[in-house]
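Here is the structure we will look at.
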Amino acid sequence: MSVRELVVLGTGSQAPTRARNHNGYLLRWDGAGLLFDPGEGTQRQMILAGVAASDVTRILVTHFHGDHCLGLPGVIQRLSLDRVAHPVHAHFPAAGAEYFARLRHASSFYETATLVPEPVREAGVIAEGGFGRIEAYPLDHPVPAYGYRLVEADGRRMLPDRLRALGISGPRVGELQRDGAVRVGGRAITVEEVSRPRPGQRFAFVMDTRLCDAVYTLADGADLLVIESTFLDEDAGLAREHGHLTAAEAGHVAARCGVRHLVLTHFSQRYRDPAPFEEQARRHFPGRITVAEDLMRVPVPRHG
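Numbering (this note's numbering), first residue to last: 45 to 348.
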């Protein structure tokens, strides 16, 4: 059974708090496990959340501020300690390759796992596979930063009633899906006759940035948008100065881009009450909003 969900490992920004670890997010997407922005303490949060090192198939770092990458040494070493058999691909801004190299070899360890660095040098598709494609776009932050989105290819949903009515069952259904048509009773039945279009799902991950075109590109049509909302409206000046978004701006993006489920995260330690984040985002976005909490699981909304 396929699972598509976000496992929230941490939700704090610059400094962790008693209630919030540094950033960390694992996207389970069928057989893939995409680990985003592992901040300090991510390895321990994975244990608490029931996430094994072997669940990780890709690591994606938006930028090299500490709250988004200081967990890399522990996670990378754990891959070898647990003898993860599959290669793990690592995506990060090419401008920060020196930081990645330092973090990868921050201390001595016996390396057995295969880590494949794939620095991101420009906007566009950075990986393709059975999961669809992963795209990266540059954000507006004081250091080089990229946001990521996963786009599943569109498909078709088979209609059991139509299949039965036309006498198609068993292996012939697979043949129809593979070849696009089968012959039944002397006539060709096309896949379009027994199915309807199924749009692929989309997941977007937007961290530290001011509003820019790439934010809207990443969020466009997302079923699940995970986006930083570091500040509230009363501190909008600080947000612009330091290259961040407010909760209201995150809500505006979600509304404009047709997002189905908005997940707010990356909260400044200055705020103790999370309620205003949803309140300010909801002024712009009437849809489903989750204010992320550590160790929360958020399913990716499926299409009907």
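In this text, a Cβ means the ideal position worked out from N, Cα and C, and glycines have one as well. Fair warning: this is a prediction, and the values are worked out from it, not measured in the lab.
* With a 10 Å radius around its C-beta and 16 neighbouring C-beta atoms as the bar for buried, classify R146 as buried or exposed. => Looking up residue 146 in the sequence shown gives position 102. The residue is exposed, with fewer than 16 neighbouring Cβ atoms inside 10 Å.
* **Assumed close pair N67, D81 - CB separation to whole angstroms, cut-off 8 Å** => Position 23 of the sequence shown holds residue 67. Position 37 of the sequence shown holds residue 81. Indeed they touch by this definition, with Cβ atoms about 4 Å apart.
* Taking DSSP as the reference, what is the three-state secondary structure of P186? -> Along the sequence shown, one-based indexing puts residue 186 at 142. Correct three-state label for P186: coil.
* R122 burial status per 10 Å Cβ neighbour count (16 or more: buried) -> Counted from its first residue, the sequence shown places residue 122 at position 78. Its Cβ being crowded by 16 or more others within 10 Å, R122 is buried.
* Beta-carbon spacing of L50, F247 below 9 Å -> The sequence position of residue 50 within the sequence shown is 6, counting from 1. The sequence position of residue 247 within the sequence shown is 203, counting from 1. Cβ distance < 9 Å, so L50 and F247 count as in contact.
* To do: For the alpha helix (DSSP H) containing A63, list its first residue and its last residue.
  => As a working note, residue 63 is residue 19 in the sequence shown. That residue, A63, is in no alpha helix (DSSP H); it is neither H nor E in DSSP.
* Asked: Roughly how many angstroms separate the alpha carbons of A157 and H135, rounded to a whole number?
  -> Along the sequence shown, read from residue 1 onward, the residue named residue 157 stands at position 113. Along the sequence shown, read from residue 1 onward, the residue named residue 135 stands at position 91. Between the alpha carbons of A157 and H135 lies a distance of about 16 Å.
* Over what stretch of residues does the beta strand (DSSP E) that includes M202 continue unbroken? -> Residue numbering aside, residue 202 sits at position 158 when the sequence shown is read from its first letter. Counting along the chain, the beta strand (DSSP E) containing M202 begins and ends at G199 to M202.
* Asked: Would you call the CB atoms of R201 and S152 closer than 9 Å?
  -> As a position in the sequence shown, residue 201 is number 157, starting the count at 1. As a position in the sequence shown, residue 152 is number 108, starting the count at 1. In this structure, S152 does not lie closer than 9 Å to R201 by Cβ.
* Contact between the region 287-297 and the region 258-275: three or more CB pairs below 8 Å? -> Judged by Cβ distances under 8 Å, the region 287-297 makes contact with the region 258-275, as three or more pairs qualify.
* Asked: Going straight from the alpha carbon of V128 to that of E172, what length do you get?
  -> Along the sequence shown, read from residue 1 onward, the residue named residue 128 stands at position 84. Along the sequence shown, read from residue 1 onward, the residue named residue 172 stands at position 128. For V128 and E172, the gap between their C-alpha atoms comes out near 21 Å.
* Check whether the Cβ atoms of D126 and A97 lie closer than 9 Å to each other. => Within the sequence shown, the letter at position 82 stands for residue 126. Within the sequence shown, the letter at position 53 stands for residue 97. The answer is yes: Cβ separation under 9 Å.
* 6 Å CB neighbourhood of R48 in its chain, flanking five on each side removed -> Position 4 of the sequence shown holds residue 48. Take R48, set aside five residues on each side of it, and the residues of its chain with a beta-carbon closer than 6 Å to its own are W73 and V344, in chain order.
* Where R193 falls, given that 16 or more other Cβ within 10 Å makes a residue buried -> Along the sequence shown, read from residue 1 onward, the residue named residue 193 stands at position 149. Its Cβ being crowded by 16 or more others within 10 Å, R193 is buried.
* Asked: DSSP state of I170, grouped into three classes?
  -> To locate residue 170, count along the sequence shown from 1; it is residue 126. If DSSP states are grouped into helix, strand and coil, I170 belongs with the strands.
* Asked: Identify the residues that DSSP records as bridge partners of G56: which are they?
  -> Your numbering for residue 56 matches position 12 in the sequence shown. Checking the DSSP bridge columns, you'll see G56 partnered with H66 and F311.
* Out of G174, E155, G176 and A180, state which residue places its alpha-carbon closest to the alpha-carbon of A167. => Taking the first residue of the sequence shown as position 1, residue 167 is located at position 123. That would be A180, whose Cα lies nearest to the Cα of A167.
* Asked: Can you list, in chain order, the residues of its chain whose CB lies under 6 Å from that of E219, leaving out five sequence neighbours each side?
  -> Taking the sequence shown and counting its residues from 1, one reaches residue 219 at position 175. Same-chain partners within the cutoff: V226.
* Going by the CB atoms, is the gap between T55 and H310 shorter than 9 Å? -> As a working note, residue 310 is residue 266 in the sequence shown. As a working note, residue 55 is residue 11 in the sequence shown. For H310 and T55, yes; Cβs fall inside 9 Å.
* **Spatial distance of L104 from L79 (CA atoms)** => For the purposes of this step, residue 104 is identified with residue 60 of the sequence shown, where counting begins at 1. For the purposes of this step, residue 79 is identified with residue 35 of the sequence shown, where counting begins at 1. Linking L104 to L79 through their CA atoms gives a straight-line distance of about 6 Å.
* **Complete beta strand (DSSP E) runs within the region 215-270 (minimum length 3 residues, chain order)** => Segments of the beta strand (DSSP E) lying fully in the region 215-270: 225-228, 231-234, 239-242 and 246-250.
* How close, in whole Å, do the beta carbons of R102 and H133 come, if the pair is a contact with beta carbons under 8 Å? -> On the sequence shown, position 58 is the one that residue 102 refers to. On the sequence shown, position 89 is the one that residue 133 refers to. Indeed they touch by this definition, with Cβ atoms about 5 Å apart.
* **Anticipated Cβ contact below 8 Å, Q89 with L114, distance rounded** => Sequence index remark: in the sequence shown, residue 89 carries index 45 (1-based). Sequence index remark: in the sequence shown, residue 114 carries index 70 (1-based). Q89 to L114, Cβ: 13 Å. No contact.
* Could you spell out the range, first to last residue, of the alpha helix (DSSP H) harbouring R326? => Position 282 of the sequence shown, counting from 1, holds the residue named residue 326. For R326, the uninterrupted alpha helix (DSSP H) run begins and ends at A319 to R326, by DSSP.
* Alpha carbon to alpha carbon, how far is V169 from G191? -> In the sequence shown, counting from the first residue as 1, residue 169 sits at position 125. In the sequence shown, counting from the first residue as 1, residue 191 sits at position 147. Approximately 12 Å between the Cα atoms of the pair.
* In angstroms with no decimal places, state the Cα-to-Cα distance between T106 and P137. => Taking the first residue of the sequence shown as 1, we reach residue 106 at position 62. Taking the first residue of the sequence shown as 1, we reach residue 137 at position 93. Taking the straight line joining both Cα atoms gives about 7 Å.
* Pick out whichever of T261, G265 and E237 has its Cα sitting closest to the Cα of D198. => Residue numbering aside, residue 198 sits at position 154 when the sequence shown is read from its first letter. Of the candidates T261, G265 and E237, the one whose C-alpha sits nearest the C-alpha of D198 is G265.
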